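Residue numbers (this note's numbering): 986 to 1284.
Heads up: the structure comes next, in structure tokens.
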């Protein structure tokens, strides 16, 4: 069984290759953070296991087969989408990425769109934005792998990335952002990872302000909330409200609503709350979360 992203009823299968001991997974996923409960997809997107399509599950060498070592799960806190690796996990924040696993070790991760969090056993978490590549230091690679990186075994099959994105792939035709925008975004990630939370929040806020059309603007808004919550500042609620105003249909709007509701007060107007509630039509749990906030509004 392979991993499939089901977006609005359209199937976008992953491309899974296992050849000569190397596993490469090119995965197109939706903004999968909008979930009602662990293991259950929302109306917008859901992930499930299923067969890899014949046009994407067959290679010239005949060595492709379905992936059995990369299951996925949703976490119980925030209902995030997690791709399990033999030596760790990748948390998906809405992205398109390619990961290579060899001999039960993660060897390479390329992020093409969005944001992922890479957590490997014995290493600190790393946040990788679009355009980033991760690979292990030379000192921790197997000698045979270092010698054979340029050989045919480590090379993805021709057309792998071209095959994965189909007509239902998200943001496929979106233009690349300017290099300076990526630099500023990564500066915020660096500050967040080293624990400089005030600087991280400021940089993400500046990124949102200066690059509102960038594909990472929503990620910056969400990560600003993360930084302020970790810092324990009162500005975290205001940041969550700002996120909801700007990204009414944002991938993390459920988390933002829950955080604002837990605070017990909000600066959101009744009109804004009504618009947010409309986005959760049919979602009883999240509408219940909103109920204390909208109770003060006239019927």
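Each residue gets a CB set at the ideal place from its N, CA and C atoms; glycine is no exception.
Please read these numbers as outputs of a predicted model, since none were measured by experiment.
Cβ-Cβ distance between residue i and residue j below 8 Å
i            : j            : result
residue 1186 : residue 1201 : no
residue 1116 : residue 1167 : yes
residue 1204 : residue 1100 : yes
residue 1070 : residue 1112 : no
residue 1258 : residue 1233 : no
residue 1248 : residue 1222 : yes
Beta bridge counterpart(s) of residue i as assigned by DSSP
i            : result
residue 1095 : 1083 and 1118
residue 1074 : 1069 and 1104
residue 1111 : 1103
residue 1090 : 1087
Exposure label - residue i; buried when at least 16 CB within 10 Å
i            : result
residue 1235 : buried
residue 1195 : exposed
residue 1238 : buried
residue 1289 : Since the first residue shown for the chain is 986 and the last is 1284, residue 1289 is missing from the structure and cannot be characterised.
residue 1084 : buried
residue 1225 : buried
residue 1273 : exposed
residue 1245 : buried
residue 1251 : buried
residue 1193 : buried
residue 1108 : exposed
residue 1266 : exposed
residue 1088 : exposed
residue 1280 : exposed
residue 1123 : exposed
residue 1199 : buried
residue 1271 : buried
residue 1118 : exposed
Residue i versus the options, residue with shortest Cα-Cα distance
i            : options                   : result
residue 1278 : 1262, 1123 and 1215       : 1262
residue 1190 : 1213, 1086, 1180 and 1072 : 1213
residue 1073 : 1092, 1219 and 1244       : 1092
residue 1177 : 1256, 1216 and 1257       : 1216
residue 1253 : 1282, 1273 and 1237       : 1282
residue 1231 : 1197, 1192 and 1271       : 1197
residue 1284 : 1255, 1265 and 1264       : 1255
residue 1096 : 1087, 1120, 1106 and 1088 : 1120
residue 1105 : 1242, 1068 and 1082       : 1068
residue 1327 : 1110, 1090 and 1188       : Because the chain spans 986 through 1284 in this model, residue 1327 falls outside it and cannot be assessed.
residue 1182 : 1227, 1199 and 1211       : 1211
residue 1179 : 1090, 1220, 1228 and 1110 : 1110
residue 1103 : 1114, 1075 and 1118       : 1075
residue 1098 : 1081, 1264 and 1229       : 1081
residue 1114 : 1172, 1229 and 1218       : 1172
residue 1229 : 1090, 1260 and 1218       : 1260
*Sequence ranges, alpha helix (DSSP H) only - wholly within the stretch 1210 to 1256, length at least 4*: Entirely contained in the stretch 1210 to 1256, the alpha helix (DSSP H) runs reaching 4 residues are, in chain order, 1220 to 1231 and 1238 to 1248.
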